[in-house]
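Participant: Numbering follows the UniProt record's numbering, in which position 156 of the sequence shown is assigned residue number 156; successive positions increment by one, without gaps. The beta-carbon is built from N, C-alpha and C at its ideal position, and this holds for glycine as well.
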Amino acid sequence: MDDQQPEARLPEPLEPGVTIGERYRLLEAHGVGDGLQFWRAHDTTKKLDVALTLVAGAVDSFESIRGRTMRLNRIDSPAIARIRDIHDDGDQTIVVADWTAGTSLDDIGADGLAPDAAAKATKPLAEVAEHAHRDGLAVALDYSSRIRIDPKGAAVLAFPATTSRNDSGSDIVGLGAVLYLLLTGIWPERVVDAQAPHTLRPEVPQEMSTIALRAMDGSVTTAGTVGQILQHALTTEQRPAAAAPLAASPTTTARSGGGIDPETKRKALIAGAALLVIALFAWLVFAFAGGTSDDPIEDTTDTTQILPSSSALPARSTTTSAPAPTTVPAPPVVEATVAPPPAPAPAPAPAPAPAPAPAPAPAPAPPPPPPPAPAPGAPEILPCYPGYTHQPAPDGPCLPVGGVAPAPQGPAPAPAPAPSGPLPCYPGYSHQPPPNGPCLPAR
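1) Which term fits residue 434, buried or exposed, when burial requires 16 or more other beta carbons within 10 angstroms of its beta carbon?
2) Starting from the C-beta of residue 20, find all residues in its chain whose C-beta is less than 6 Å away, skip the five residues before and the five after it, and write them out in chain order.
3) Closer than 7 Å: is that where the CB of residue 196 sits relative to any heavy atom of the ligand FMN?
4) Indicate whether residue 35 and residue 59 have their beta-carbon atoms separated by less than 8 Å.
5) Excluding the 5 residues preceding and the 5 following residue 99 in the sequence, name in chain order all residues of the same chain whose CB lies nearer than 6 Å to its CB.
6) I need the DSSP call for residue 31, collapsed to helix, strand or coil.
7) In terms of alpha-carbon separation, which member of 171, 227 and 111 lies closest to residue 121?
8) Could you check which residue in 138, 43 and 196 has the C-alpha nearest to that of residue 209?
9) From which residue to which residue does the beta strand (DSSP E) around residue 172 run?
10) For residue 65 and residue 165, I'd like the C-alpha separation in whole angstroms.
11) Tell me the residue span of the beta strand (DSSP E) that contains residue 430.
12) Compute the beta-carbon to beta-carbon distance between residue 140 and residue 160, rounded to the nearest angstrom, for a pair I have assumed lies under 8 Å.
13) Return the chain-ordered list of same chain residues with a C-beta closer than 6 Å to the C-beta of residue 184, the five sequence neighbours on each side being excluded.
14) Please classify residue 205 as buried or exposed, where buried requires at least 16 other C-beta atoms within 10 Å of its C-beta.
15) Expressed to the nearest angstrom, what Euclidean distance is found between the alpha-carbon atoms of residue 236 and residue 30?
16) Taking DSSP as the reference, what is the three-state secondary structure of residue 213?
17) Go through its chain and collect everything with a Cβ distance to residue 149's Cβ below 7 Å, but skip five positions before and after it.
18) What did DSSP end up calling residue 281 once you bin it into helix, strand or coil?
19) Please state the DSSP three-state secondary structure of residue 129.
20) Taking the continuous beta strand (DSSP E) assigned at residue 38, which residues delimit it?
21) Taking DSSP as the reference, what is the three-state secondary structure of residue 104?
22) Where do the ends of the alpha helix (DSSP H) carrying residue 197 lie?
23) Exposed or buried, what is residue 108 when buried is set at 16 or more other beta-carbons lying within 10 Å of its beta-carbon?
24) Report all residues from its chain with a CB closer than 7 Å to the CB of residue 382; omit the five preceding and five following residues, and keep chain order.
25) Is it buried or exposed, residue 110, if we count other Cβ atoms within 10 angstroms and call 16 or more buried?
26) Among all the DSSP beta bridges, which residues are the ones paired with residue 232?
27) Quick test of your reading: residue 137 and residue 214, contact by CB under 8 Å. State the CB separation rounded to the nearest angstrom.
28) To the nearest angstrom, how far is it from the Cα of residue 224 to the Cα of residue 266?
29) What would DSSP say about residue 423, mapped onto helix, strand or coil?
30) Pull up the distance between the alpha-carbon of residue 396 and that of residue 390, whole angstroms please.
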């Protein structure tokens, strides 16, 4: 695109079949530039096809070209062909690179590529240019013949050779021109004459059309900006495709936007009310019908399981759902789960307490006999008649009260007459063995 550079010509015309650099046999010409030729050739030493860029000595010196071009090998990207060697062939410099299969950029049809394909093809080239510019290098995107489209659809700098007249500004202009050609099928000879790609092809996104023109007229100053715009355009192009399956499903859209239809909601409310009535009736039967302690627990458990599912559907209606948790479920849950556990605990405590109480009770009223169950536990100690006490207490013999105060010192002879006759037993008791055995229940 640089029409203002002085024309530099190769020293002699070349044609297929000619061998240059002692080993490269020319196979096919792929374009020319100002002092440049681009060829596919065969390396007779390595036995493989290569891409040759021939630079006339009038364009730049061998040392300058070699120093600028070999540094491009630092960029590891499939968007730039690997440079194999650089030869000084007297009046020209030969830059040898790997051959890139695919299609020449000049062979793109008159209609160009689809917008997304054009963006995908140009984006890797923009990334290579950005990397080179950060390192102070230029990649030389000045002629369309340098660019090929590989089998994967990516634009590749197939004929690298950087001279002193290449810089980052000319690279960005070249990026815009490559994108313009891919969108329209036209290589813009002059920027002022270039029509917007969106005008030539309405399907081209506005932002892609604009970035192509702005890159060519110098408004865009970094290759990174071109890459970002292309990435954004690709992302935007992919969004409708991802959303298409959702749009094609009216059922999904209706469900996500409309919520529960009124008929379903009405049926849910009726079902919830019916379950609530059943639960209330079951609780009332439990509360008033009595029964064993096991029955209420089982019934209450069932009620608790029913209530949450019945109240979940009408939860949005404060009129029907509010009374359910406050009046119905609370009483059965508390009485069924809390009341039964304490019931066994108090039972053992009162049982032993009344047992010793009946023992002293018969003392003032001898007629009623003590119950048979506790009798075996207390036959050894019987209460004394009125006016007698156990001396010594608590299980000594029954002796008169008061008359024999100094029992320990010398009352032993006083009660001697008492053994002449054993004390009578309570009615229902007898001495066993007779006549003076302990009083035991009569057999």
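Facilitator: Considering the structure as presented:
1) As a position in the sequence shown, residue 434 is number 434, starting the count at 1. Label assigned to residue 434: exposed.
2) Residue mapping note: residue 20 aligns to position 20 of the sequence shown, counting from 1. Answer for residue 20: no residue qualifies.
3) As far as ligands go, the structure on display features none, and thus does not contain the ligand FMN.
4) Here the question's residue 35 lines up with position 35 in the sequence shown. Here the question's residue 59 lines up with position 59 in the sequence shown. Closer than 8 Å, so yes.
5) Locating residue 99 in the sequence shown gives position 99, counting from the first residue. Closer than 6 Å at Cβ, skipping near neighbours: 49, 50 and 51.
6) Here residue 31 refers to the residue found at position 31 of the sequence shown. Three-state DSSP puts residue 31 in a strand.
7) One-based indexing of the sequence shown puts residue 121 at position 121. Answer by Cα proximity: 227.
8) Start at 1 with the first residue of the sequence shown, and residue 209 comes out as number 209. Comparing Cα positions, the closest option is 196.
9) Residue mapping note: residue 172 aligns to position 172 of the sequence shown, counting from 1. No beta strand (DSSP E) holds residue 172; the alpha helix (DSSP H) holding it covers 168 to 184.
10) In the sequence shown, the residue the question calls residue 65 occupies position 65. In the sequence shown, the residue the question calls residue 165 occupies position 165. So the alpha carbons of these two residues sit roughly 10 Å apart.
11) Against the sequence shown, residue 430 aligns to sequence position 430. 429 to 431 is the extent of the beta strand (DSSP E) around residue 430.
12) Translated into the one-based positions of the sequence shown, residue 140 becomes position 140. Translated into the one-based positions of the sequence shown, residue 160 becomes position 160. With a Cβ gap of about 7 Å, residue 140 and residue 160 count as contacting.
13) Residue 184 sits at position 184 when you count from the first residue of the sequence shown. 112, 197 and 200, listed in sequence order.
14) On the sequence shown, position 205 is the one that residue 205 refers to. By the 10 Å Cβ count, residue 205 comes out buried.
15) Within the sequence shown, numbered from 1, the residue matching residue 236 stands at position 236. Within the sequence shown, numbered from 1, the residue matching residue 30 stands at position 30. When rounded, the distance between both Cα atoms is 36 Å.
16) Walking along the sequence shown from the start, residue 213 turns up at place 213. Residue 213 falls in the helix class under three-state DSSP.
17) On the sequence shown, residue 149 is found 149 positions in, with the first residue counted as 1. Answer for residue 149: 102, 103, 105, 121 and 155, listed in chain order.
18) Here residue 281 refers to the residue found at position 281 of the sequence shown. DSSP places residue 281 in helix when its eight states are reduced to three.
19) The residue given as residue 129 occupies position 129 in the sequence shown. It is helical.
20) In the sequence shown, counting from the first residue as 1, residue 38 sits at position 38. 36 to 43 is the extent of the beta strand (DSSP E) around residue 38.
21) Here residue 104 is taken as the residue at index 104 of the sequence shown, counted from 1. The answer is strand: DSSP assigns residue 104 an E or B state.
22) The residue given as residue 197 occupies position 197 in the sequence shown. Counting along the chain, the alpha helix (DSSP H) containing residue 197 begins and ends at 197 to 200.
23) Residue 108 sits at position 108 when you count from the first residue of the sequence shown. Residue 108 is buried by the Cβ-count criterion.
24) Counting from 1 along the sequence shown, the entry for residue 382 is found at position 382. For residue 382, same chain residues with a beta-carbon under 7 Å away, outside a window of 5 residues either side, are 439 in chain order.
25) Working through the sequence shown from its first residue, we reach residue 110 at position 110. Burial call: exposed.
26) Numbered from 1 along the sequence shown, position 232 holds the residue referred to as residue 232. Answer is none; residue 232 lacks a bridge partner.
27) Position 137 of the sequence shown, counting from 1, holds the residue named residue 137. Position 214 of the sequence shown, counting from 1, holds the residue named residue 214. With 8 Å as the limit, residue 137 and residue 214 do not qualify as a contact, their Cβ atoms being about 23 Å apart.
28) Mapped onto the sequence shown, residue 224 falls at position 224. Mapped onto the sequence shown, residue 266 falls at position 266. Looking at the two C-alpha atoms, the distance is approximately 60 Å.
29) Residue numbering aside, residue 423 sits at position 423 when the sequence shown is read from its first letter. Reduced to three states, the DSSP call for residue 423 is coil.
30) Start at 1 with the first residue of the sequence shown, and residue 396 comes out as number 396. Start at 1 with the first residue of the sequence shown, and residue 390 comes out as number 390. Rounded to the nearest angstrom, the gap between the Cα atoms of residue 396 and residue 390 is 5 Å.
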